[in-house]
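In this note's numbering, the protein residues as written are 30 to 540. Here a beta-carbon is modelled for each residue, glycine too, at the ideal position from N, C-alpha and C. From a predicted model like this one, the values you see are computed outputs, not experimental measurements.
Given below as structure tokens:
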């Protein structure tokens, strides 16, 4: 086991969203997006080290990493940027040095099988090739870290190969040796055992663990490495990466903070923002139940749970939503109880007599049985329907016309009623709904009304539905004070459903 004094110091994180994350199918960041993500990861998330790409990939990659190096150089971050390079006779070394890099992460073979079958070389030949590449990098002024690709299977199938390789690396100017579970095949006991073997022989070397999630064990494996005294762990935002992805940043941070004596520098309040930005730029949405960042992970559905929380936070653990700038929600549907309804009424600052509350709850349950997703924003309409009273709205969308033509911006004309006054406006946009929202924003700005930010936009069409099937559009909005609303609309026209959801948002805003 590694020296115990190491287990109490901070844990170093390397984020590889910009390199390994781009191996996610369908994900490729533009140079501008790479710079935006690098700035966020270093400045706001305080990531220790950033792997920003792979050498010799493309001209776009060269442009992107050069811009990041230039930005980082002015802020003292240059030594924290790393680039994957290959054993290619110095070509990767030259590419990295010429773009402004200071650190190469050299990809070597960590298992004898990879060495003999893929490279068709003996271990001695490969060790010599790596040594020459390291010497070339040092000559060009680069610091060197070494990846032992397929290290996990190397430890299980050819331990002497790994053991001898690290002995060779120990003699060379290598800052870090990085240990990938390339195919995500390890279990936590194996991680612990393998690291114990290495630390007994190499107690003073700096090791990183690089996990993949093929069996869903990556966070457990990373924690095992942390508890064994590993110096650094590699992560990606939202677990982006090939196949099932890499170690998700947010899950590792909270697991380390809550279950070990070690700490990272990452401010937890920034995790949700980082997740949402990467979802937007990558086009890959997190699953609803993704720990920490999923849309529903702080939502209680069962009425018994809502009742227990109201009486004494009986269904709350250490993962409080406030740690991440979020809040707990209580879903409305067929499993709702009085406590669930009361929590949502309190959000809207509404109070109901017991008899009316019972009728509203009955209607919520009935809608839930019909698979209708009921949100807090729907409650005023449900209450009005139960009371057989027209809804009194400050805003009504009276009329609109939206035009779409190939090769041109969409145009929208809008007429609405605000507190009895009729208003009209028009705008162009990158789509029908965008044009509608820009016209609406103009009308609201003239009356000093600030619209909330659109967080997410989802449409649900029944499986096997025809072209005239009903569409449910759900839009989530966020105000500057952190308040989050979800409003919905249903119509056979997707755009009409979105406008209905937007009208509900306006009336909640002006309530």
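Can you tell me whether residue i is buried or exposed? The criterion is at least 16 other CB atoms within 10 Å of its CB, across all chains shown.
i, result
"residue 230", "exposed"
"residue 416", "exposed"
"residue 490", "exposed"
"residue 526", "buried"
"residue 433", "exposed"
"residue 540", "exposed"
"residue 33", "Confidence is the limiting factor: at residue 33 the pLDDT is only 43, short of 50, which leaves the residue's position unreliable, though a coordinate-based value still follows. It is exposed - the Cβ of residue 33 has fewer than 16 other Cβ atoms within 10 Å."
"residue 389", "buried"
"residue 279", "buried"
"residue 205", "buried"
"residue 42", "buried"
"residue 557", "The chain is shown only over 30 to 540; residue 557 falls outside these bounds and no answer can be derived."
"residue 154", "exposed"
"residue 55", "exposed"
"residue 233", "exposed"
"residue 40", "buried"
"residue 459", "exposed"
By DSSP, does residue i sit in helix, in strand, or in coil?
i, result
"residue 130", "coil"
"residue 309", "helix"
"residue 239", "strand"
"residue 33", "A caution first: residue 33 carries a pLDDT of 43, below 50, which makes its placement in the model too unreliable to give a value."
"residue 440", "strand"
"residue 429", "strand"
"residue 474", "helix"
"residue 489", "strand"
"residue 81", "strand"
"residue 349", "coil"
"residue 516", "strand"
"residue 69", "helix"
"residue 380", "coil"
"residue 271", "coil"
"residue 462", "helix"
"residue 318", "coil"
If residue i sits next to residue j, beta carbons under 8 Å apart, how far is it from one beta carbon to the other, in whole angstroms?
i, j, result
"residue 213", "residue 241", "4 Å"
"residue 262", "residue 238", "5 Å"
"residue 215", "residue 250", "5 Å"
"residue 440", "residue 406", "Their Cβ separation, rounded to whole angstroms, is 29 Å, which puts residue 440 and residue 406 out of contact at 8 Å."
"residue 148", "residue 114", "Incorrect: roughly 16 Å between the Cβ atoms, too far for contact."
"residue 94", "residue 112", "7 Å"
"residue 185", "residue 211", "Contact flag wrong, Cβ pair sits at about 12 Å."
"residue 541", "residue 287", "No answer is possible for residue 541: the residues shown for the chain start at 30 and end at 540."
If distances are taken between C-alpha atoms only, which option among the options comes closest to residue i?
i, options, result
"residue 163", "406, 512, 121", "121"
"residue 550", "203, 200, 220", "Residue numbering for the chain in the displayed model covers 30 to 540; residue 550 lies beyond these limits and cannot be assessed."
"residue 60", "88, 53, 39, 43", "88"
"residue 96", "125, 456, 436", "125"
"residue 109", "314, 393, 44", "44"
"residue 139", "187, 161, 105", "187"
"residue 296", "74, 70, 217, 522", "74"
"residue 270", "146, 48, 475", "48"
"residue 449", "473, 176, 467, 424", "424"
"residue 517", "174, 529, 347, 444", "529"
"residue 145", "72, 183, 533, 385", "183"
"residue 264", "289, 475, 207, 327", "207"
"residue 53", "311, 372, 496, 248", "311"
"residue 475", "452, 329, 58", "452"
"residue 353", "320, 382, 381", "320"
If the criterion is Cβ atoms closer than 8 Å, does the pair residue i and residue j meet it?
i, j, result
"residue 246", "residue 284", "no"
"residue 556", "residue 324", "The structure shown does not extend to residue 556, since the chain is modelled only from 30 through 540, so no value can be given for it."
"residue 102", "residue 294", "no"
"residue 429", "residue 442", "yes"
"residue 107", "residue 91", "no"
"residue 339", "residue 360", "no"
"residue 454", "residue 477", "no"
"residue 483", "residue 457", "no"
"residue 357", "residue 370", "no"
"residue 71", "residue 46", "no"
"residue 98", "residue 118", "no"
"residue 506", "residue 513", "yes"
"residue 243", "residue 272", "yes"
"residue 202", "residue 173", "yes"
"residue 167", "residue 198", "no"
"residue 446", "residue 427", "yes"
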